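Colleague:
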Amino acid sequence: MHPETEPKPSLKAIAEAFFEGCIKPSRTAFWAMLVGLAANLALAGWFFRYDTLASSAGAYLAGSYKDVYAIATHRALALAREKTDQPLLLVLGSSATSTAFAFEGDVKAEVDRATGRDWEVAFLTTGAQGPIEQLALLDTVFAAKENQGREVVVLLGVEASIGYWNRATIVKMYKTVRLGLRSDWADAAWVKIGVTPKPRSRFYVVENSDFVAVNGATAMMRLLTRQPATPRYDHYAPKDSQALAARQEGRQRIGMETREGHKINDGDYLGLLQDLGHHLAAFPNVHLIIAPERPSPELVKAENIGGILAEDTARYAALAAELGAEFWPMMAEGTIPQSAYYDELHIGDPAIRAKIIAELAARIAASPKGESQS
């Protein structure tokens, strides 16, 4: 029978044939499945390597712009593979620091203008960033010999209340899947607080198996569809200032955590920050700025935690002096108006952000190597 005269199959017949192909054993289908599986495994094996994740392909690691741990993982690995002597500004801290600066481009433009030099600016901020995460991120960057001799400013956003990161909280963090990085500095910190680090390996998937298990499927989908997530460092702050009624629950929680942390403060947090400072001191061209975060003025007043924060601020200042670092209370009492906080922790006002960025740029320009030598 000629094709043009052959009757068309019915929709029912097509559906039955499709269903049969899906469920009926078939040697061809079996081999096709194996080939597809092998191809996917090969692609995953190529992708989840340190070198691949440090390349532009690492941009597919994050599931969305909110996947800040995957974004920071890729950025730190990429920085460690750079071959440049361009001065570098690293910004670390929690979401409070992230939203206070918000845009890498804005920071770079102001620092370039203030110093007369061309800077690279890299945000390594994450939500509720802990001290051991900061150690891991910085160790990853400075593991590269090129970065050890490079001029680097490290802005280290630290928790408003020292007692928040007590030993129990830090250990609890160990049991969660956050960064996809392993670090000698971080492993030493875990041992210091009584935690046995997981085994190390030269294979990324082995060292970071939990991270791959959590992020792998989404990352592979983005890779296959060529849709990298674009970082957004301002997303923690609401688009508009929240009404007071919407803030009450969060306000009370932050106040309670601050008071309870102050009572049980065991000193581990400051000890880990001290270790971080000593690590950085080994590199003569690194300038460390310790910058405490701070919640909104109304929260501090309503929860009566001003005294605790003042005491902790003084301890941060003493730590900076001990380390030979710069101390900058970037959200000090009286410097940021209540209206700038769009919720109790996050600055959303563009004008106030610009003011904070300008002050940072001025501090960098005033440092011994900050200004252009021309």
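Under the numbering used here, think of the first position of the sequence shown as -2, with each following residue one higher. We put the beta carbon where it would ideally sit given N, CA and C, even for glycine. In this text, all values refer to a predicted model and were calculated from it rather than measured experimentally.
Ends of the beta strand (DSSP E) at residue 154?
Modeller: Start and end: 149 to 155.
Colleague: Please list the terminal residues of the continuous alpha helix (DSSP H) segment that includes residue 98.
Modeller: Start and end: 92 to 98.
Colleague: Please confirm whether residue 343 and residue 52 have their CB atoms less than 8 Å apart.
Modeller: Contact flag unset, no.
Colleague: Please name the residue, chosen from 169, 163, 128, 50, that lies closest to residue 287 on a Cα-to-Cα basis.
Modeller: Of the candidates 169, 163, 128, 50, the one whose C-alpha sits nearest the C-alpha of residue 287 is 128.
Colleague: Quick check on the DSSP output: the beta strand (DSSP E) that includes residue 373 runs from which residue to which?
Modeller: Outside the displayed span of the chain (-2 to 371) sits residue 373, for which this structure offers no information.
Colleague: Taking the alpha carbon of residue 235 as the reference point, which residue from 337, 226, 55 has its own alpha carbon closest?
Modeller: The candidate whose alpha carbon is nearest that of residue 235 is 337.
Colleague: Quick check on the DSSP output: the beta strand (DSSP E) that includes residue 45 runs from which residue to which?
Modeller: That residue, residue 45, is in no beta strand (DSSP E); it is neither H nor E in DSSP.
Colleague: What residue does the beta strand (DSSP E) around residue 88 start on, and which one ends it?
Modeller: Per DSSP, residue 88 belongs to the beta strand (DSSP E) from 85 to 89.
Colleague: Go through its chain and collect everything with a Cβ distance to residue 414's Cβ below 6 Å, but skip five positions before and after it.
Modeller: Lying outside -2 to 371, the shown extent of the chain, residue 414 is not represented and no answer is given.
Colleague: Helix or strand or just coil, what does DSSP make of residue 62?
Modeller: In this structure, residue 62 counts as coil in the three-state DSSP scheme.
Colleague: Which one or two residues does DSSP pair with residue 361 in a beta bridge?
Modeller: Its beta-bridge partners do not exist; DSSP assigns none.
Colleague: Based on Cα-Cα distance, which residue from 321, 192, 178, 161 lies nearest to residue 264?
Modeller: Selected option, being the one with the closest Cα: 161.
Colleague: Could you give the uninterrupted runs of the beta strand (DSSP E) lying entirely in the segment 257 to 326, keeping only those of 3 residues or more?
Modeller: Taking only runs of at least 3 residues, the beta strand (DSSP E) segments lying wholly in the segment 257 to 326 are 283 to 289.
Colleague: Any chance the CB of residue 86 is under 7 Å from a heavy atom of the ligand HEM?
Modeller: As presented, the structure is devoid of all ligands, the ligand HEM included, so that no description of it is given.
Colleague: How long is the line joining the alpha carbons of residue 123 and residue 266, rounded to whole angstroms?
Modeller: C-alpha separation (whole angstroms): 17 Å.
Colleague: In whole angstroms, what separates the C-alpha of residue 179 from that of residue 334?
Modeller: Straight-line Cα distance between these residues: approximately 39 Å.
Colleague: Measuring alpha carbon to alpha carbon, tell me which residue in 332, 85, 89 is nearest residue 65.
Modeller: The shortest Cα separation from residue 65 among 332, 85, 89 belongs to 89.
Colleague: According to DSSP, is residue 251 part of a helix, a strand, or is it coil?
Modeller: It is helical.
Colleague: Note the first and the last residue of the continuous alpha helix (DSSP H) segment covering residue 216.
Modeller: Its alpha helix (DSSP H) spans residues 206 to 222.
Colleague: Count the other C-beta atoms from every protein chain shown that fall within 10 angstroms of the C-beta of residue 136, then say buried if there are 16 or more, exposed otherwise.
Modeller: The residue in question, residue 136, is buried, as its Cβ has 16 or more Cβ neighbours within 10 Å.
Colleague: What is the C-beta distance between residue 119 and residue 74, in whole angstroms, given that I count them as a contact (C-beta under 8 Å)?
Modeller: No, residue 119 and residue 74 are not in contact; Cβ-Cβ is about 12 Å, not under 8 Å.
Colleague: Closest by CA to residue 315, which one among 261, 67, 271?
Modeller: Here the closest residue by C-alpha is 271.
Colleague: Check for me: the alpha helix (DSSP H) holding residue 104 runs from which residue to which?
Modeller: Start and end: 101 to 112.
Colleague: My output table needs one value for residue 333: the three-state DSSP class, helix, strand or coil.
Modeller: Of the three classes helix, strand and coil, the one that applies to residue 333 here is coil, per DSSP.
Colleague: Just list the residues that DSSP pairs residue 344 with in beta bridges.
Modeller: Paired residue(s): 338.
Colleague: Just reading off the beta strand (DSSP E) that residue 117 is part of, what are its end residues?
Modeller: Note, residue 117: beta strand (DSSP E), 117 to 120.
Colleague: Helix, strand or coil for residue 82? Go by DSSP, reduced to three states.
Modeller: It is coil, neither helix nor strand.
Colleague: Under 8 Å, do residue 95 and residue 233 count as touching if we go by C-beta distance?
Modeller: Taking 8 Å as the Cβ cut-off, residue 95 and residue 233 qualify as a contacting pair.
Colleague: For residue 359, which residues of its own chain have a beta-carbon under 7 Å away from its beta-carbon, when the five flanking residues on both sides are left out?
Modeller: Around residue 359: 111.
Colleague: Are the beta-carbon atoms of residue 87 and residue 138 separated by less than 8 Å?
Modeller: Yes, the Cβ-Cβ distance between residue 87 and residue 138 is below 8 Å.
Colleague: Beta carbon of residue 190, beta carbon of residue 229: below 8 Å?
Modeller: Cβ distance not < 8 Å, so residue 190 and residue 229 don't count as in contact.
Colleague: On the premise that residue 56 lies in contact with residue 177, defined as a C-beta separation below 8 Å, what is that separation, rounded to the nearest angstrom?
Modeller: Going by Cβ atoms, the distance from residue 177 to residue 56 rounds to 14 Å, so no, they are not a contact pair.
Colleague: Would you report the Cα separation of residue 208 and residue 282, rounded to the nearest angstrom?
Modeller: Their backbone Cα atoms lie some 33 Å apart in a straight line.
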